[in-house]
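Position one of the sequence shown corresponds to residue 79 (my numbering), numbered consecutively onward. Everything below concerns the one structure shown next.
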Amino acid sequence: MGSGESNGLTEAGVGIVVRDSNGSFVAARSLNLGVVGSSLCAEAMAWQAAFNFAVLLGLDSLVIEGNSQ
79 MGSGESNGLT EAGVGIVVRD SNGSFVAARS LNLGVVGSSL CAEAMAWQAA
129 FNFAVLLGLD SLVIEGNSQ
């Protein structure tokens with residue numbers, strides 16, 4: 079997830095990569111989360127986006143890892 083400051087607010091985006099249990103690529107997606115009030119809010123929205131993408135793909139088991147800084 080990357081972000082940039084704009085008038086004291088943060089604009090955020092998220093990149094999602096889905097891999098199978100062998101580590102092979104399954105799918106990917108990127109989203110613009112728009113302006114958010116804090117990095118914590120952006121992180122929560124990123125996790126929600128990852129979960130929603132997993133549901134869309136019909137996954138019944140998942141591990142979510144983040145690397146925001």
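For each residue, glycine too, the CB sits at the ideal point set by N, CA and C.
(Q) At the level of alpha carbons, what is the spacing between alanine 132 and glutamine 126? (A) 10 Å
Q.
Threshold first: 3 residues or longer. Then list the beta strand (DSSP E) segments lying entirely within the region 95 to 138, N to C.
A. 103 to 114
Q: Using beta-carbon positions only, say whether threonine 88 and alanine 120 come within less than 8 Å of one another.
A: yes
**Q.** With 16 other Cβ atoms within 10 Å as the buried cut-off, status of valine 92
**A.** buried
(Q) I need the straight-line Cα distance from valine 113 to alanine 90, nearest angstrom please. (A) 6 Å
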